[in-house]
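Its first residue numbered -19, the sequence shown is counted upward by one per residue in the numbering used here.
Just so it is clear, CB atoms sit at the ideal spot from N, CA and C, and this is done for glycine as well.
Since we're looking at a predicted model, the values are computed, not measured.
Data first, discussion second: the structure below is written as structure tokens.
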Amino acid sequence: MASGATKAAANIGMIVAKRPEKPGSAGRVVELKTNFIAVSTEFKYPKVHYYSFEVSDAKKKKAGRKDSQKVFEQMKKNQKFGAKALPVFDGGQVYSISQLDIGHRKETRSHSVKIPVDADGSGREKDLKVEVKYQGEIDLSPIGDYVKEKSTSAWDGNIQSSLTVLNAFANNKVRLSFLSVGRKAIFPPPRDNRPIFLPGGIEMKQGFYQSVRPGWGRLTINVDICATTFYPAGPIIDLIPKIIKTKFDRHEKTRDELRRGLDRREIDTLNRFFRGVMIFVTHRSDNRKPKHKVSYLDSQPADQAKFKQGNKEITIAQYFKETYKQTLQFGRLPCIVVIKPDKTKVFFPLEVCEICPGQRYEDKLSDDARREMVQKTAIKPWERFDRIETAIKDIFRHQRDENLRSIGMNVDPEFIKVKGRVIQPPRLTNGTEIVPDGGRWDLRKFIKCPRLHNWSVIVFENRNYAPLEMVKNAIRQLVSSLSERGMDVYPDPPIEYGNPQGGYDKSLLLAAQKARITRDRPAQLIICVIQKKVLGASGIHAIIKRICGTQLGVISQCIVANNMKGQNPSRWRQICGNISLKINGKLGGKNCVLADRELNFGTNKPYMVFGADVFHPGREEKGRPSVAAVCASVDKTVTRYVGRHSMNQKIKNEIIENLEGMAVELLNQFQRENNILPFQIVFYRDGVAEGQFQHVVQKEVEALKRAFSRVYGEKGEKGQKPQLTFIIVQKRHHAR
-19 MASGATKAAA NIGMIVAKRP EKPGSAGRVV ELKTNFIAVS TEFKYPKVHY
31 YSFEVSDAKK KKAGRKDSQK VFEQMKKNQK FGAKALPVFD GGQVYSISQL
81 DIGHRKETRS HSVKIPVDAD GSGREKDLKV EVKYQGEIDL SPIGDYVKEK
131 STSAWDGNIQ SSLTVLNAFA NNKVRLSFLS VGRKAIFPPP RDNRPIFLPG
181 GIEMKQGFYQ SVRPGWGRLT INVDICATTF YPAGPIIDLI PKIIKTKFDR
231 HEKTRDELRR GLDRREIDTL NRFFRGVMIF VTHRSDNRKP KHKVSYLDSQ
281 PADQAKFKQG NKEITIAQYF KETYKQTLQF GRLPCIVVIK PDKTKVFFPL
331 EVCEICPGQR YEDKLSDDAR REMVQKTAIK PWERFDRIET AIKDIFRHQR
381 DENLRSIGMN VDPEFIKVKG RVIQPPRLTN GTEIVPDGGR WDLRKFIKCP
431 RLHNWSVIVF ENRNYAPLEM VKNAIRQLVS SLSERGMDVY PDPPIEYGNP
481 QGGYDKSLLL AAQKARITRD RPAQLIICVI QKKVLGASGI HAIIKRICGT
531 QLGVISQCIV ANNMKGQNPS RWRQICGNIS LKINGKLGGK NCVLADRELN
581 FGTNKPYMVF GADVFHPGRE EKGRPSVAAV CASVDKTVTR YVGRHSMNQK
631 IKNEIIENLE GMAVELLNQF QRENNILPFQ IVFYRDGVAE GQFQHVVQKE
681 VEALKRAFSR VYGEKGEKGQ KPQLTFIIVQ KRHHAR
């Protein structure tokens, strides 16, 4: 039976590419060890029963995933599914190799389940209701057919469903044993039990990821390391020093210093950090530790903030002393405020609050935190494989997994070794044929150079650190590098100094004005000498790009001042060579092109290459639209590209909503540049999840076909619309 994806493709006149009958044969063979382990070829690909599993509270509000998981485990523990049943739960569906003891197939079975407090005593008991209903069978044989060595099956929805089921069985046990994120990532406690903190008091946890994947002749399991960020668990008083510490003052405040209180900046920092975080309190005499969601941090300290109790006013500190017989040790610190559903406010001193464990930190990381996270997660390949091997043997332990045994899946714990192939590099030309060696080639001449006359240099650095003579010498070397490669360059651009601490828009405007050496032509380029390339939107590099690109309409090239120093002239010459490549490309030149034989794709007719993606805003930018971007080649050598972008109207929509309009503009641009429309189009689409293949292909191919009709006309140029190859590109981040 045809799959949903195949049907969708057929409906729009597309053919889904089938899997090759055998691996590729081009290139030099190399032996590789992978982070994949093999599922036994004796696996029978059985049929699996699946059930809906809907949990709600007394008000019929749908329960969260954590509570749903607890309900499932409670029912399994109490043998509500049957004494010998081994069902698994992926957060949405329940799967089992045998039918569960829930009554008639068409019947919805309801259960009331009481969830106890958490193991640490926090939270409260909950009475929840669950409805379980049989939905049918999922046949795993389609993926068995897909992995056969000589199979030519196409990827479809049945294969995706099979993988979802298999991953539920593979990950169920470890997800219950350790802190988990999503359905495939787990985070065991660190060996030394010491948390890893990033700037800003954020905790970074390192863990493991596993996913069942189709292989060649068998199923495989991909196992890798991973890392993500969490709010640190524990007493808030102990965490405050790490949260308020800045890059300018690395000192962590002691408890005695905290007793003296916090300044306004520190309170604002804590307020941003704690807003929306789940905490539990530890001051109650009945040992209950109810959980609360932080609304905000009060501006007044606990020994000054007052409220009415009867006919008198009393401070929070006095209330705790009288009610709980607890003298606050940190009375000068503000209180956490929790706003109840009835709008009443409850104040908790910081010293009686602890952050609940297992909460993801999903806000945007600061530049410092992101940089430190990259440093802490960068490891050598051999170390990565050692960690993965340890996890396979000590954490995943597939041979002892009763869920895998229930479906007859045996797993070999040894890494799969494969034959990789080093492909012959494509030949290039800049007038002379070039053969890259190890991904490198020496480019002494550009194939096409523009004339660079209107340009300037602005130095965002102290004159003592970057003196004028040093900058002049460095620019002379850059001019020499550009000239050697064939560019006609004005040799003595004006050099200005700007404030490295701010006022960049005024400095760059001045540089653009100074760059107009030929007054009847606009500025072409501004060289910006900066202290260092700080990443992130707040760094000077991003600010310069934003001002030059969106306000001034001038191309910019940043250079780190330290690279200009004359201690190592040969290194600066090498840097100048790399910068020359960038400048020539930015100005519309061509550094080199593919050799003619590499451009022969079975036709000598003009073709066009597209690339497209959708960028979704982060959690801290809630409500903002997704941005869709499309770029396309507009020359016959596929080296010059133009781009278009648009805002999607629907929040978090993966479909490029205005693809038709952007494609029309790009096709018209190609025609203006070449006096002909392309006969073939290759469209590369990034960022599509496996479960969205069908939807994205159908909607976006339809949009492209409408664009073709508008540009080519109903009959097409010479009676022929272009041939379209639509390729979804996926990055295998976890494959090593």
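{"query": "Please report how far the alpha carbon of Ile224 lies from the alpha carbon of Thr209, in whole angstroms.", "result": "18 Å"}
{"query": "In whole angstroms, what is the alpha-carbon distance linking Val573 and Gly419?", "result": "15 Å"}
{"query": "From Pro474 to Leu490, what distance separates their C-alpha atoms?", "result": "11 Å"}
{"query": "What's the C-alpha gap between Arg45 and Lys113?", "result": "18 Å"}
{"query": "Would DSSP call His91 helix, strand or coil?", "result": "strand"}
{"query": "What does a CB cutoff of less than 6 Å around Ile414 pick up in its chain, not counting 5 residues either side in sequence?", "result": "Leu408 and Trp421"}
{"query": "Using only CA atoms, which one of Lys525, Leu345 and Phe688 lies nearest to Gly598?", "result": "Leu345"}
{"query": "Mind listing, in chain order, the continuous alpha helix (DSSP H) runs of no fewer than 4 residues lying wholly within the segment 330 to 404?", "result": "347 to 357, 361 to 371 and 382 to 386"}
{"query": "Excluding five sequence neighbours on each side, which residues of the same chain lie with their C-beta closer than 8 Å to the C-beta of Thr21?", "result": "Gly197 and Arg198"}
{"query": "Could you give the uninterrupted runs of the alpha helix (DSSP H) lying entirely in the segment 168 to 229, keeping only those of 4 residues or more?", "result": "216 to 224"}
{"query": "Identify the residues that DSSP records as bridge partners of Ile635: which are they?", "result": "Its beta-bridge partners do not exist; DSSP assigns none."}
{"query": "Would you kindly work out how many angstroms separate the C-alpha atoms of Phe650 and Val709, rounded to a whole number?", "result": "24 Å"}
{"query": "According to DSSP, is Leu80 part of a helix, a strand, or is it coil?", "result": "coil"}
{"query": "Check Trp552 in the structure and name its three-state DSSP category.", "result": "helix"}
{"query": "Roughly how many angstroms separate the alpha carbons of Asn633 and Ser606, rounded to a whole number?", "result": "7 Å"}
{"query": "Among the candidates Lys602, Glu369 and Tyr621, whose CA atom is the shortest distance from the CA of Lys630?", "result": "Lys602"}
{"query": "Three or more beta-carbon pairs under 8 Å between the segment 564 to 571 and the segment 638 to 652, yes or no?", "result": "no"}
{"query": "Can you tell me which of the three DSSP states Gly557 falls into?", "result": "helix"}
{"query": "Ignoring anything shorter than 3 residues, give me the beta strand (DSSP E) runs that lie fully in the segment 633 to 706, in order along the chain.", "result": "660 to 666"}
{"query": "Please determine, among Asp468, Gly519 and Ala454, the residue with the shortest C-alpha to C-alpha distance to Tyr484.", "result": "Gly519"}
{"query": "For Thr409, list the residues DSSP reports as bridge partners.", "result": "Glu413 and Val573"}
{"query": "In the DSSP assignment, find the unbroken alpha helix (DSSP H) run with Ser463 in it and report its ends.", "result": "Leu448 to Glu464"}
{"query": "Below 8 Å on the Cβ atoms is my guess for Ala43 versus Leu120; work out the distance and round it to an integer in Å.", "result": "Wrong, their Cβ atoms sit about 29 Å apart, outside the cutoff."}
{"query": "Which two residues bound the contiguous beta strand (DSSP E) that contains Pro122?", "result": "No beta strand (DSSP E) holds Pro122; the alpha helix (DSSP H) holding it covers Ser121 to Tyr126."}
{"query": "Tell me whether the beta-carbon of Val681 lies closer than 7 Å to the beta-carbon of Phe659.", "result": "no"}
{"query": "Assuming Ala297 is part of the beta strand (DSSP E), what are its boundary residues?", "result": "Careful: Ala297 lies outside any beta strand (DSSP E), inside the alpha helix (DSSP H) at Ile296 to Tyr304."}
{"query": "Let me know the beta strand (DSSP E) ranges lying completely inside the segment 467 to 546, each 3 residues or longer, listed in chain order.", "result": "475 to 477, 505 to 510 and 535 to 540"}
{"query": "Buried or exposed: Ile403, going by 16 or more other Cβ atoms within 10 Å of its Cβ?", "result": "exposed"}
{"query": "Buried or exposed for Asp204, please, with buried defined as at least 16 other CB atoms from any protein chain shown within 10 angstroms of its CB.", "result": "buried"}
{"query": "Three-state secondary structure (DSSP) at Gly4?", "result": "coil"}
{"query": "Below 8 Å CB to CB, which residues in the same chain sit around Gly62 once its five sequence neighbours on both sides are set aside?", "result": "Ser78, Leu80 and Asp81"}
{"query": "Is Glu53 helix, strand or coil by DSSP?", "result": "helix"}
{"query": "Which residue marks the beginning of the beta strand (DSSP E) containing Val261, and which one marks its end?", "result": "Met258 to Val261"}
{"query": "Below 6 Å CB to CB, which residues in the same chain sit around Leu159 once its five sequence neighbours on both sides are set aside?", "result": "Phe167 and Gly338"}
{"query": "With 16 as the cutoff for other CB atoms within 10 Å, does Val(-4) come out buried or exposed?", "result": "buried"}
{"query": "Let me know if Ile335 comes out buried or exposed under the rule of 16 or more other beta-carbons within 10 Å of its beta-carbon.", "result": "buried"}
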